[in-house]
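Chains as they are written, first to last, in this note's numbering: chain A, 18 to 421; chain B, 14 to 306; chain C, 2 to 321. Below you'll find the structure, written out as structure tokens, and then a few comments.
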Amino acid sequence: MLDKKLLTVACAAVFATLSAGAQAQYSGNVVKIGVLTDLSGTYSDLAGSGAVLATEMAIADFIAKEKPAFKIEMVSSDHQNKADIAANKAREWFEREGVDTATELVTTSTALAVMKIAKEKDRIALINGAASTPITNEQCNDVSVHYTYDTYALSNGTAKAVTQQGGKTWFFLTADYAFGHALEKDATAVITANGGKVLGSVAHPFPGSDFSSFLLQAQASGAQVIGLANAGADTTNAIKQAAEFGITPKQSLAGLLMFITDVHSLGLKPTQGMYLTTGFYWDRNDETRAWAKRFFDKQKRMPTMVQAGQYSSIYHYLEAVKAAGTDDTMKVMAAMKKAPINDFFAKNGVIRADGRMVHDMYLVQVKKPADSKYPWDYYTIRQTIPADQAFQPLSESRCPLVKK
Amino acid sequence: MEIFGIPSALLGSQLLIGLINGSFYAILSLGLAIIFGLLNIINFAHGAQYMMGAFIAWLALTKFGINYWVALIATPIIVGAFGVLLERTMLRKLYKLDHLYGLLLTFGIALIIEGIFRDQFGISGQSYDVPELLSGGVNLGFMFLPIYRGWIIVAALTVCFGTWFMIERTKLGAYLRAGTENSQMVQALGINVPLLITFTYGYGVALAAFAGVLAAPVFQVNPLMGSHLIIVVFAVVVIGGMGSIMGSIVTGLGLGLIEGLTKVFYPEASSVIVFVIMVIVLLVRPAGLFGKA
Amino acid sequence: MRPTTLASQSAVLNPAVLYTVLLVLGLLAPFTLYPTFLMKVLCFALFASAFNLLLGFAGLLSFGHAAFLGSAGYVCGLMVRDLGVTPEVGILAGTVVAGLMGWVFGSLAIRRTGIYFAMITLALAQMVYFLVLQIKATGGEDGLQGVPRGHLFGIVDLSDNMAMYYTVYAVFCLGFFIIYRTIHSPFGQILKAIRENEPRAISLGYDVDKFKLLAFVISAALSGTAGATKTLVFQLASLSDVHWHMSGEVVLMTLLGGLGTILGPAVGGATIVTIQNQLADSVGSWVTVIMGAIFVVCVLLFRRGIVGEIQALLKRAGMQ
Chain A
18 MLDKKLLTVA CAAVFATLSA GAQAQYSGNV VKIGVLTDLS GTYSDLAGSG
68 AVLATEMAIA DFIAKEKPAF KIEMVSSDHQ NKADIAANKA REWFEREGVD
118 TATELVTTST ALAVMKIAKE KDRIALINGA ASTPITNEQC NDVSVHYTYD
168 TYALSNGTAK AVTQQGGKTW FFLTADYAFG HALEKDATAV ITANGGKVLG
218 SVAHPFPGSD FSSFLLQAQA SGAQVIGLAN AGADTTNAIK QAAEFGITPK
268 QSLAGLLMFI TDVHSLGLKP TQGMYLTTGF YWDRNDETRA WAKRFFDKQK
318 RMPTMVQAGQ YSSIYHYLEA VKAAGTDDTM KVMAAMKKAP INDFFAKNGV
368 IRADGRMVHD MYLVQVKKPA DSKYPWDYYT IRQTIPADQA FQPLSESRCP
418 LVKK
Chain B
14 MEIFGIPSAL LGSQLLIGLI NGSFYAILSL GLAIIFGLLN IINFAHGAQY
64 MMGAFIAWLA LTKFGINYWV ALIATPIIVG AFGVLLERTM LRKLYKLDHL
114 YGLLLTFGIA LIIEGIFRDQ FGISGQSYDV PELLSGGVNL GFMFLPIYRG
164 WIIVAALTVC FGTWFMIERT KLGAYLRAGT ENSQMVQALG INVPLLITFT
214 YGYGVALAAF AGVLAAPVFQ VNPLMGSHLI IVVFAVVVIG GMGSIMGSIV
264 TGLGLGLIEG LTKVFYPEAS SVIVFVIMVI VLLVRPAGLF GKA
Chain C
2 MRPTTLASQS AVLNPAVLYT VLLVLGLLAP FTLYPTFLMK VLCFALFASA
52 FNLLLGFAGL LSFGHAAFLG SAGYVCGLMV RDLGVTPEVG ILAGTVVAGL
102 MGWVFGSLAI RRTGIYFAMI TLALAQMVYF LVLQIKATGG EDGLQGVPRG
152 HLFGIVDLSD NMAMYYTVYA VFCLGFFIIY RTIHSPFGQI LKAIRENEPR
202 AISLGYDVDK FKLLAFVISA ALSGTAGATK TLVFQLASLS DVHWHMSGEV
252 VLMTLLGGLG TILGPAVGGA TIVTIQNQLA DSVGSWVTVI MGAIFVVCVL
302 LFRRGIVGEI QALLKRAGMQ
């Protein structure tokens, strides 16, 4: 808490010098990062204060290691998942406080809103928490990076692996709004391409709480796999109730958008054996463990992929600023796209023309309770999905920036 | 056998599930109806109090090892006591004012409760296991019914009709009903009306907490679990006719059934159907199905 | 019988002077304060004032006003973005649609009063929410994004913050003037008579339902104006605008500012927006708790609201 206050005070001081009209290579002699996230709502566990912490860690590590010639400041704010609050805050940051990049941006509506403003104000948007593919397709622009994951990567990875391992017939439980239908559509394409068949789907209202009706319909379909094209509390309730009604393990579940926080909150009993795709798992290797442990010491929770991605993206951004020798938006964007990303989060990660950062994703299976040896020991990594297969191919991108 | 292209086994199971969900609606709307009947307040904090019930049961189990059965009795008492506190310190001050202030106050209280739980326990929710005695299920031929779901119906109906009996057939209930009709007269007859009011609010809140404990093993225990449900329950109360005890029970169960059927025939509409019915009912019978005009 | 809300204005402060000062302050404000923020304040001030017309002067608590704010925002956004109409046409369209919706809501809801009325409007608004969530054109939970601010009357470029501000300010003043005139018209007096004693108003021969419905339609339409303008300012419309929390927020604004006062809701709206904006940076997850606490404190200790309390103070001072 105290450091945040200090940061704020520092920001005020910087703001004063900024208005004095310093015209250095670094606007206001400082590189200023804004973390705009959900600190109080539905996504506060998977992004939230953990993302703020990840940012602070990235800045501290960068300063310690690179000893940059420029100062780095951070501000953070709660957008409460409201696009208008996010838009208002981002504008204020860009116009009045000299913020160079708005980051995290969980939920697609806030991400899209801030992307537009970033473009208009010639600043950078680093998106980690938001999931939808329009960010790098119809709505893409050249100042935004979609860093950690998207719905395509998750549904694609999971659906493909499960189908290839013999889950040939599917039934979808789909949250009845654009996002749920997009998940279902992406997964269906992969399933059919791999010789599987979708027997049917049922659209459930969002948010729902009782899924037993829909689960029974899925059960009656006789499908081997029930695909959960929903997120958050909808997914966790559906998994819990599937176990209750004895649907699992006879039929298996595939969560198309799941985070480690969901598994943590449900426990291993109802989730065991599920496949899911993630961009980061803390217990993958020594490097991830070392970082995650530092995170855990402060947050008392293991990091989600969004929080790990937030760290990685901030660090990469700062490196690009250093390499470019300026915080000028287009020069930094060029530097970010030029240098590959190599850290505990990504190996040879690359930012494409459509703003998509492509990196390896991991297909994991949730452990049986008996196989879990220590806290947060949840996944077995079954497969590394190479970067070029994990994400939507550039050739299929509907982003106008991609030259075909 | 098929009915309207839906296998009858599926239809049967959906009706049963509808009844289970209807049980929750029934307990929650019953609590609202009792509170409304005597206090003339729409208790907007009902959803938050339901959530508190589920959370306290979860806390009791994970922190103190208190089992489900004890929690099922103790939690409503604890949350009910909290309700009594609210009534004594805050709601009491509003009785002479427009009823709308009660709604606004409880709305604010709901925000505070939900905010605190969200800050303390995060948003992802917690898992509460089905108690040993009620785990497993039975095959009914047309469906596999988890025993716990059957228990929900039994427990809910027992509590609902027990409450109905208490209000309609006992002396205390007679005072209550009289207090609803003309509280000054009842006061004049030497009955402690303020105490009666406090008790009623506490009891209504306890009902919400009871539903919360019942719900804990079925739904993820989440700080926002009540706020999604409460709006539907409001609609149930309006359809049943506000303040009508039997009306709220019957409407709760009935709407659960209708909602269950909607989930089969037109799932997209299942969250709106309650509101559509509400509008139709209000057009035909403005006082609700069981209300007095 | 002279309603308390009017009496207090007369003695101490000359309304003409007060309003002139406020008008000038509004014109100068963007030179010192952040214009985008001010525009948001104005939109919510208009929304709360429109809401207050119904609650404060007709005594009807609607818990579904988000439906008007949000729907108008979507209508305006879609028309400006996809049909390429000019901003003022978009705002007008949003207003008209909200007014029509108000007529439908009102026709159903005014058959009952008090809590029933609140519950009915809440349920209807909830239907609108699900509709907006599912229709493809609204973009679902992604929101309606990328609405251009466009050129006012095809001439003035609104992408300039100052131009946008004065447009919003003009819309606000116009909306506020309509509300002011409505309240001070014979129609407004009848509304107040209905609020104070409905059976008496009926016995005097007034068609009470007709007046209530008209008040509802005006309130809904102006809420729509606020919503449509807000969409232009932020260049987006999102689900949170139609969510029932928004309906709750506008009640809070009105209550905090002063129920049934003319300036109160605008003051309340400005206060809440400012608090939200400030708290977002400093307290993080405690925003909802603090909002809830304001609600509780207002209801228990502070029922006259900010403006109401000031008026009462001035009145007391004037009497001595």
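Where a beta carbon is used, it is the ideal one built from N, C-alpha and C, also for glycine.
{"Item": "Any Cβ of chain D within less than 9 Å of the Cβ of A:Leu-283?", "Value": "Absence of chain D from the displayed structure is noted, the protein chains being A, B and C."}
{"Item": "At a CB distance below 8 Å, what residues from the region 90-120 of chain A approach chain C? Give them in sequence order.", "Value": "Val-92, Ser-93, Ser-94, Asp-95, His-96, Gln-97, Asn-98, Lys-99, Ala-100, Asp-101, Ile-102, Ala-104, Asn-105, Lys-106, Arg-108, Glu-109, Glu-112 and Arg-113"}
{"Item": "Please report the Cβ distance between B:Val-47 and B:Tyr-216, rounded to the nearest whole angstrom; I am assuming they are in contact, meaning their Cβ atoms lie under 8 Å.", "Value": "Rather than Val, the amino acid found at residue 47 of chain B in this sequence is Ile. Indeed they touch by this definition, with Cβ atoms about 7 Å apart."}
{"Item": "Can you confirm whether C:Gln-277, when its beta carbon is compared against all beta carbons of chain A, has any partner nearer than 9 Å?", "Value": "yes"}
{"Item": "Within the region 134-195 of chain C, note down every full alpha helix (DSSP H) run reaching 4 residues or more, in order along the chain.", "Value": "162-185"}
{"Item": "Does A:Gln-40 get closer than 9 Å to chain B when you measure Cβ to Cβ?", "Value": "Note on A:Gln-40: pLDDT 40, under 50, position unreliable in the model; no value is reported."}
{"Item": "Which bits of chain B does A:Trp-221 rub up against, with CB to CB less than 7 Å?", "Value": "According to the sequence shown, residue 221 of chain A is His rather than Trp. In chain order: Pro-280."}
{"Item": "Is A:Gly-115 closer than 9 Å to A:Gly-45 when the C-beta atoms are compared?", "Value": "yes"}
{"Item": "Starting from the beta carbon of C:Trp-104, find every residue of chain B whose beta carbon is closer than 9 Å, and list them in chain order.", "Value": "Correct list: empty, because the minimum Cβ distance to chain B is about 15 Å."}
{"Item": "So, is B:Trp-82 buried or exposed, given that buried needs 16 or more other C-beta atoms within 10 angstroms?", "Value": "exposed"}
{"Item": "Would A:Ala-170 count as contacting chain C if we go by Cβ distances under 9 Å?", "Value": "no"}
{"Item": "Just the C-alpha distance for B:Thr-31 and A:Thr-294, rounded to the nearest angstrom, thanks.", "Value": "Per the sequence shown, the amino acid found at residue 31 of chain B is Gly instead of Thr. Answer to the nearest angstrom: the Cα atoms are 34 Å apart."}
{"Item": "Fully enclosed by the region 170-216 of chain A, which alpha helix (DSSP H) runs are 4 residues long or longer?", "Value": "195-210"}
{"Item": "Between the region 48-80 of chain B and chain A, which residues of the former have a C-beta closer than 8 Å to a C-beta of the latter?", "Value": "none"}
{"Item": "So, helix, strand or coil for A:Leu-53, using DSSP?", "Value": "strand"}
{"Item": "Please list, in chain order, the residues of the region 248-259 of chain B that have any C-beta partner in chain C closer than 8 Å.", "Value": "Ala-248, Val-250, Val-251 and Met-255"}
{"Item": "Express the C-alpha separation of A:Phe-87 and A:Val-47 in angstroms, rounding to a whole number.", "Value": "6 Å"}
{"Item": "Taking C-beta pairs closer than 8 Å, name the residues in chain C that B:Ser-284 reaches, listed in chain order.", "Value": "Phe-131"}
{"Item": "Here's a check: name, in chain order, each residue in its chain whose Cβ is nearer than 7 Å to the Cβ of B:Val-294, leaving out the five neighbours to either side.", "Value": "Ile-252, Gly-301 and Leu-302"}
{"Item": "With 8 Å as the limit, tell me which residues of the region 103-128 of chain C have their beta carbon closer than that to any beta carbon of chain B; keep them in chain order.", "Value": "Leu-109, Arg-112, Arg-113, Gly-115, Ile-116, Tyr-117, Ala-119, Met-120, Ile-121, Leu-123, Ala-124, Leu-125, Gln-127 and Met-128"}
{"Item": "In chain order, what residues of the same chain lie with their CB nearer than 6 Å to the CB of B:Tyr-63, ignoring the 5 residues before and after it?", "Value": "Ala-221, Ala-224, Gly-225 and Gly-239"}
{"Item": "Only counting the same chain, and skipping five residues up and downstream in sequence, which positions put a Cβ closer than 8 Å to that of A:Phe-262?", "Value": "Ser-229, Leu-232, Leu-233 and Gln-236"}
{"Item": "What residue ranges within the region 245-304 of chain C form continuous alpha helix (DSSP H) runs of no fewer than 4 residues, ordered along the chain?", "Value": "245-258, 265-283 and 288-302"}
{"Item": "Buried or exposed: which applies to A:Asn-98, given that a residue is buried once 16 or more other Cβ atoms fall within 10 Å of its Cβ?", "Value": "buried"}
{"Item": "What three-state label does DSSP hand A:Thr-118 in the structure shown?", "Value": "strand"}
{"Item": "Answer with yes or no whether the minimum CB distance from B:Ser-42 to chain A is below 9 Å.", "Value": "no"}
{"Item": "Is the CB-CB distance between C:Ser-220 and C:Gly-103 below 9 Å?", "Value": "yes"}
{"Item": "Compile a chain-ordered list of the residues in the region 218-231 of chain B whose CB is closer than 9 Å to at least one CB of chain A.", "Value": "Ala-228, Pro-230 and Val-231"}
{"Item": "Between B:Phe-155, B:His-112, B:Gln-139 and B:Leu-296, which lies nearest to B:Lys-76 when the distance is taken from Cα to Cα?", "Value": "B:Gln-139"}
{"Item": "To which residues does DSSP link A:Leu-143 through a beta bridge?", "Value": "A:Thr-120 and A:Val-162"}
{"Item": "Excluding the 5 residues flanking B:Gly-96 on each side, which residues of the same chain have their C-beta closer than 6 Å to its C-beta?", "Value": "Tyr-214, Gly-215 and Val-218"}
{"Item": "Starting from the Cα of A:Ala-195, find the closest Cα among C:Trp-245, C:Tyr-75, C:Thr-139 and C:Ser-108 and give me that residue.", "Value": "C:Thr-139"}
{"Item": "My parser needs the alpha helix (DSSP H) runs of 4 or more residues fully inside the region 18-62 of chain B; what are they?", "Value": "21-52"}
{"Item": "With DSSP collapsed to three states, give me the class of A:Met-275.", "Value": "coil"}
{"Item": "For A:Pro-224 and chain B, any beta-carbon pair shorter than 9 Å?", "Value": "yes"}
{"Item": "Given 8 Å as the limit, is there contact between the region 237-251 of chain C and the region 67-78 of chain C, that is, 3 or more CB pairs closer than that?", "Value": "yes"}
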